[in-house]
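Okay, structure first, notes after.
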Amino acid sequence: MNITRENIDALNAVVKVDIAKEDYKDKVEKILSDYRKSANIPGFRKGHVPMTLVKKQYGKAVLVDEVNKLLQDALGKYLVEEKLDVLGNPLPKPQDDLDWDSDAFTFEFELGLAPEFEVKLKSKKAITHYNIVADTKMINDQVKHIQKQYGKLIAKKDVTKESEITGNFENAEHNISNNATFSLDKLKGKTNAKKFIGAKVGDVITLKTKELFNDDHDLMTYLKVPHDQAHGLDIEVKFTISEINERELADLDQELFDKLFGKGIVTSV
């Protein structure tokens, strides 16, 4: 076997692989011999089929398979040994005149070579390293968030500051009609929250979208308006209350710890 390379330019090359009969002959003959031992062909006892018949039936397929295996192995080793940094995989050049009845074969592959470049990462400015520490408030807030997440919803008649409210936002002119659930702490300012305190299921509350939520992006979630409309949206919407719930905090007990971390892994806060 012989492998040569022609560099077309800095980024392209062609690898030529010449395979001779001695490269594959022994392997092909061994496989055909094994086929002969196990072949079931009418008119012949198992293991006594003439080799000429075995070659006629299976020879070409075995040859093609073994040459392809030999080719792929040789090409792979060549790329590693030559330390070629190839983009993607080698592309075989079309060969319309390939004759599998021949003893020798030649294959060509096009290679895309990765360009060489140098990246200089000398920093001109020092990088600030931040040491972030979770204070007591952050920890307590996260614990409460987890308790809410795993707690139970209890239906209520009236809205309180702890309520989770479900209902429908509507504005016919702007084609807004969307069911949403949110807690009062999502609302911006005391004025908006006061409109809900004491309200009951079925009540309709009129709201201004401007500065309705702490984060304008919440309008995308609760009113289903596009991102480019959420910022600065200043229209009037009506919210009809359909459910009022309060979330009963989950106890900080073993049942909760097992849900969070797996059975018995954590036993206390």
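One point on numbering: in the working numbering, the residue at position 150 of the sequence shown is 139, and numbering is uninterrupted. Note that CB positions come from ideal geometry on N, CA and C, so glycine has one too.
Nearest in C-alpha terms to Asp12, of all of Lys19, Ile20, Met(-10), Glu(-5), is Met(-10). Assigned with DSSP and collapsed to three states, Ser27 falls in helix.
Taking a contact to require three or more Cβ pairs closer than 8 Å, the stretch 115 to 126 and the stretch 204 to 216 do not qualify as touching. Burial check for Pro79: the Cβ neighbour count within 10 Å reaches 16 or more, so the residue is buried. Of Lys10, Ile230, Lys189, Gly221, the smallest CA-CA separation from Glu55 is found for Lys10.
Straight through space, the alpha carbons of Ile116 and Phe228 are spaced by roughly 49 Å. Closest by C-alpha distance to Leu241, out of Thr256, Phe171, Gly251, is Thr256. Taking the Cβ atoms as the reference, Leu102 lies roughly 7 Å from Asn1, within the contact range of under 8 Å. The Cβ-Cβ distance between Ile186 and Thr149 falls below 8 Å. By the C-beta criterion, the stretch 132 to 140 is judged not to be in contact with the stretch 32 to 43, since fewer than 3 inter-stretch pairs fall below 8 Å. Residue pairing of Ile194 in beta bridges, as defined by DSSP: Phe228. Exposed is the label assigned to Leu110, since fewer than 16 other Cβ atoms lie within 10 Å of its Cβ. In the assembly as shown, Glu71 is an exposed residue. Its beta-carbon has fewer than 16 other beta-carbons within 10 Å.
In this structure, Ile233 sits near Lys145, with a CB-CB distance shorter than 8 Å.
In summary, Val69 is exposed, with fewer than 16 beta-carbon neighbours lying within 10 Å of its beta-carbon over all protein chains present.
Of His220, His134, Lys252, the smallest CA-CA separation from Ser172 is found for His134. Around the CB of Ile165, 16 or more other CB atoms lie within 10 Å, so the residue is classed as buried.
With a minimum length of 3 residues, the unbroken runs of beta strand (DSSP E) contained wholly in the stretch 154 to 186 fall at 165 to 172. Its Cα nearest to that of Gln61, the residue Val4 stands out among Asn29, Val4, Asp192, Asp130.
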